[in-house]
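According to our numbering, the sequence shown is numbered sequentially starting from 145.
Built from N, CA and C at the ideal position, the CB exists for glycine as well.
Below is one structure, written out as structure tokens; the observations come after it.
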Amino acid sequence: MASYFVSSTAQYSSSTQTLIGAFDDDVILSDGKPGETTFELNEALAHPQTDVQYKGKVVIDGIEYPVFQTGFGNGVYLIASYKPLAEMNFPASLTLPLADTSSFTVCFAAGTGIATPNGERAVETLAIGDGILTADGRCVEVIWIGRQIVQKIFAGDRMMPVRIRAGALGEGLPHSDLTVTADHALILDGLAINAGALVNGSSIDWVPLAELPERVTYYHIETEGHDVILANGAAAETYVDYVGRQAFENYAEYVALYGERRLITEAPWPRISSPRFLPPALKARLGIGTAA
145 MASYFVSSTA
155 QYSSSTQTLI
165 GAFDDDVILS
175 DGKPGETTFE
185 LNEALAHPQT
195 DVQYKGKVVI
205 DGIEYPVFQT
215 GFGNGVYLIA
225 SYKPLAEMNF
235 PASLTLPLAD
245 TSSFTVCFAA
255 GTGIATPNGE
265 RAVETLAIGD
275 GILTADGRCV
285 EVIWIGRQIV
295 QKIFAGDRMM
305 PVRIRAGALG
315 EGLPHSDLTV
325 TADHALILDG
335 LAINAGALVN
345 GSSIDWVPLA
355 ELPERVTYYH
365 IETEGHDVIL
375 ANGAAAETYV
385 DYVGRQAFEN
395 YAEYVALYGE
405 RRLITEAPWP
415 RISSPRFLPP
425 ALKARLGIGT
435 AA
């Protein structure tokens with residue numbers, strides 16, 4: 145389903161179009177439709193406090209944010225952000241009607257659900273020092289979260305992420321659609337397998353660039369070691385020096401915290417980056433190489 149984790153909200157008057165107030169928030173907006181990844185114009189969404197309807201999007205500091213109307217009709221307008229209030233620069237007024245009423249893609253904004261001792265949390269809401277759960281039940285500390293921002297206009301097909309549909313890995317996993325970069329490994333049968341090597345053309349497939357927003361933010365969690373955590377219930381690796389940290393836009397933050405380089409010893413799982421190296425039994429189980 146299309147869902148969007150809201151960390152801060154700004155309210156605007158529908159009559160004066162001016163800012164009423166802004167506050168930190170902690171809600172998830174969802175359309176409740178399995179398989180959907182977009183909010184559409186005038187679509188009603190589930191909100192824990194009030195009925196809201198998607199009305200379009202605005203750009204703040206180069207990033208798109210969805211806009212909703214409460215109670216419909218003459219209700220208050222809301223700009224919802226995945227960032228905390230301290231990191232936002234909400235405008236003093238909102239021009240209505242909105243100039244951009246196109247659909248809002250939330251596949252990445254909602255974030256992958258990461259298992260923590262207190263339940264799943266969207267990856268964007270995690271912070272350095274938070275505890276997350278490993279696949280074997282340990283609680284490990286988040287050392288850093290790398291953010292990589294990709295602009296679709298400059299991205300070729302090599303930047304297409306991989307969507308793993310709910311249940312595609314067997315035993316009901318992942319419990320909901322999981323979208324990762326092609327070189328991010330999932331742990332299956334004792335193997336670290338890059339997601340791009342798991343594509344079967346149906347339940348595991350490439351996400352077309354046309355479905356992505358103009359800017360996509362990828363998040364990569366770093367812990368003390370090379371761990372296995374749970375992403376939407378599926379076993380996935382934490383950061384290892386497979387891709388340089390310089391690829392992340394907040395690399396300066398890392399350097400300020402830890403210096404130029406902190407080496408992580410890669411776990412002993414064999415890494416597979418091409419489907420031709422997959423065990424035949426695993427290929428058969430996942431339907432790899434059988435799609436028409």
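_Between the stretch 344-358 and the stretch 304-321, can you find at least three pairs of beta-carbon atoms closer than 8 angstroms?_
yes
*Could you tell me if I272 is buried or exposed, where buried requires 16 or more neighbouring beta carbons within 10 angstroms of its beta carbon?*
exposed
*Separation of N233 from L317, as counted between CA atoms*: 38 angstroms
*Nonlocal neighbours in the same chain, by C-beta distance under 8 angstroms from E187, ignoring five residues either side*: D175, Q197 and Y198
*asked:* Please report the distance separating the alpha-carbon of R420 from that of D170.
replied: 44 angstroms
*Does the stretch 326-334 touch the stretch 260-271, meaning 3 or more C-beta pairs lie closer than 8 angstroms?*
no
*Is it the case that the Cβ atoms of I287 and E381 are separated by a distance below 8 angstroms?*
no
*Pick helix, strand or coil for R406, following the three-state DSSP scheme.*
coil
*asked:* Tell me the rounded alpha-carbon separation between G179 and T256.
replied: Residue placement at G179 is flagged as unreliable, the pLDDT there being 42, under the threshold of 50; the coordinate-derived value follows with that caveat. Their backbone Cα atoms lie some 15 angstroms apart in a straight line.
*My guess is that L173 and L185 are in contact by the Cβ rule of under 8 angstroms, so how many angstroms apart are they, rounded?*
Not really, about 15 angstroms apart at Cβ, beyond 8 angstroms.
*In whole angstroms, what separates the C-alpha of E410 from that of G369?*
8 angstroms
*asked:* Buried or exposed for L222, going by 16 or more other Cβ atoms inside 10 Å?
replied: buried
*Find the nearest neighbour of H364 within the set A378, V343, R389 and R415, judged by alpha-carbon distance.*
R389
*Do S417 and A341 have their CB atoms nearer than 8 angstroms?*
yes
_CA nearest to the CA of P305, picked from N338, A378 and R282_ = N338
*Check whether the Cβ atoms of T214 and T245 lie closer than 8 angstroms to each other.*
no
*Can you name the residues that DSSP bridges to R307?*
T323 and D349
_What does DSSP give as the partner residue(s) for F167 in the beta ladder?_
T153
*beta-carbon S159 near the ligand HEM non-hydrogen atom, thresh 7 angstroms*: Annotation note on the ligand HEM: not contained in the displayed structure, which lists no ligands.
*Along the chain, where does the beta strand (DSSP E) that runs through L374 open and close?*
V372 to A375
*Is it the case that the Cβ atoms of I408 and T278 are separated by a distance below 8 angstroms?*
no
*What is the DSSP secondary structure of K227, reduced to helix, strand or coil?*
coil
*Quick one: what does DSSP say T269 is sitting in, helix, strand or coil?*
helix
_Please tell me whether L270 and I289 are closer than 8 angstroms, where the distance is taken between their beta carbons._
yes
_Best match in D168, L242 and S320 for proximity to S158 [C-alpha to C-alpha]_ = L242
*Can you list, in chain order, the residues of its chain whose CB lies under 7 angstroms from that of D168, leaving out five sequence neighbours each side?*
S151, S152, P228 and L229
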